[in-house]
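Heads up, the sequence shown is in the working numbering, so the first residue is -19 and it goes up one at a time.
Quick reminder that beta carbons are idealized off the backbone N, C-alpha and C, glycines included.
Worksheet for the structure shown next.
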Amino acid sequence: MRHHPARLTRERARAVLVALAGAVAVSVVGACLVGGVHVDLGRAFDFTQPENPDFVILFKSRLPRVLLGAAVGGGLAAAGAALQALLRNPLASPDVIGISGGASVGAICVLGLGVAGPAWIVVPGAAFAASVATLGLIVRLSTVHGRLNPYSLLLVGVIVNTIAAAVIMLVTALVDSLRAQGVLIWLSGSLAQRPYSLVALVSLMSIGPAVVLWTQGRSLNLLALGEETATQLGTDVGRVRRVSFLAAALLVGAAVSVSGVIGFVGL
């Protein structure tokens, strides 16, 4: 019995996805069970005593941290894969082209200026908005004669990263010591002590852009072969780039807003 090559490819892709999903599930369970303090699962799942230490450690400390880490890592990985296809450069990642730096500036300005409001909403919101604004600036500066130049985009991204680092240093130098400490803590990055409400917020912010990138998967694969090849095969290169860049920026903004800047995850 002979199988069509395309069918084999689809079946292989499904098998890989199932295997990766299983690996993520195993990693989540393992991360919840590993830590500096041993957790008795019998006591942890005793819901009649929700304030016992094992329950608190597992469900109020480790589980939200692990779920948030999965959401952040998945978002950065999806954004990085899209950027590498768009720019045809295996080294392209959100932190390299400046999106992460822009998101950091938004969050740091809010922390440094002490904007009123709940921090778990205001800081992610500022980082999210700044990432989109930064992407718009990078794309605008990288567009030559109406066409986006991938090499110019990488160069502009490096420049934006340098400017973002300078702005962060300036804000840190100007604010008082207490706020400067908050800025440094955020820059170091952390997933600890995050409530389920924040996990849900980041997940909701990431689902839409991730689905958009999923729907653009075939076009991104064609674009990775070259702009001319993709155009000849019926791909609207301009639309794919605009949609994918925006989706990637939204994913990066959602991730960086709660975790701080994380390098190399998007590679």
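Residue of the options minimising C-alpha distance to residue i
i      : options                       : result
Gly81  : Leu66, Ala109, Ala58          : Ala109
Asn141 : Leu203, Val241, Gly92, Asn32  : Val241
Val36  : Cys12, Ser132, Ser177         : Cys12
Arg23  : Leu38, Gln196, Gly49          : Leu38
Arg174 : Val46, Val19, Arg(-8), Asp34  : Val46
Leu128 : Val217, Ser73, Ile139, Asp20  : Val217
Leu117 : Val103, Val102, Leu135, Val19 : Leu135
Arg219 : Trp166, Thr209, Gln196, Gly60 : Gln196
Ala204 : Gln29, Asp26, Val14, Ala62    : Ala62
Val4   : Gly49, Leu202, Val179, Ala180 : Gly49
Val179 : Leu21, Gly55, Asp34           : Gly55
Gly86  : Pro70, Asn69, Pro104          : Pro104
Gly16  : Thr209, Thr114, Ser41, Ser237 : Ser41
Asp20  : Ala160, Pro33, Ser237, His125 : Pro33
Phe225 : Leu115, Arg(-6), Gly2         : Leu115
Val186 : Val95, Ser237, Arg(-10)       : A small correction: the amino acid at residue 186 is Ser; Val does not occupy that position in the sequence shown. Ser186 has its Cα closest to that of Ser237, out of Val95, Ser237, Arg(-10).
Residue i versus residue j: straight-line alpha-carbon distance, rounded
i        : j       : result
Val6     : Leu67   : 33 Å
Gly169   : Arg(-8) : 37 Å
Pro98    : Ala235  : 18 Å
Met(-19) : Val(-4) : Confidence at Met(-19) is low in this model, with a pLDDT of 46, below 50, so the placement of that residue should be treated as unreliable; the coordinate-derived value is given next. Roughly 23 Å separates the two Cα atoms.
Ala107   : Phe25   : 37 Å
Val76    : Gly137  : 6 Å
Gly126   : Val8    : 45 Å
Gln29    : Ser177  : 22 Å
Ala1     : Arg(-6) : 10 Å
Gly206   : Leu158  : 50 Å
Ala(-1)  : Arg222  : 32 Å
Ala144   : Glu31   : 43 Å
Ile139   : Ile165  : 25 Å
Thr211   : Phe27   : 58 Å
Ala113   : Gly10   : 38 Å
Cβ of residue i within 8 Å of any chain D Cβ
i      : result
Ser239 : Structure shown: chain D not included; a single protein chain is present.
Residue range of the unbroken alpha helix (DSSP H) whose run includes residue i
i      : result
Glu208 : 207 to 212
Ile143 : 130 to 154
Leu63  : 43 to 67
Pro189 : 176 to 195
Leu91  : 79 to 93
Gly233 : 217 to 239
Gly162 : 157 to 168
Leu21  : 21 to 24
Beta-carbon contacts of residue i that lie in its chain and below 6 Å, excluding the five residues immediately before and after
i        : result
Ala227   : Pro189, Val192, Leu193
Ser111   : Ile79, Gly82, Ala83, Ala229, Val232, Gly233
Ser183   : Ala51
Ala160   : Thr152
Thr215   : Ser199, Leu202
Val95    : Val102
Arg(-10) : none
Glu208   : none
Proximal residues to residue i (C-beta, below 8 Å), its chain only, five neighbours per side dropped
i      : result
Val163 : Ile88, Leu91, Gly92, Ile148, Val151, Thr152, Val155
Leu133 : Leu67, Ile77, Ile118, Val119, Ser122
Cβ shell of residue i (< 7 Å), same chain only, five flanking positions each side left out
i      : result
Gln64  : Pro70, Ala72
Ser239 : Val52, Gly169, Leu171
8 Å contact criterion, which residue i and residue j should meet: CB distance rounded
i     : j     : result
Pro74 : Gly60 : 6 Å
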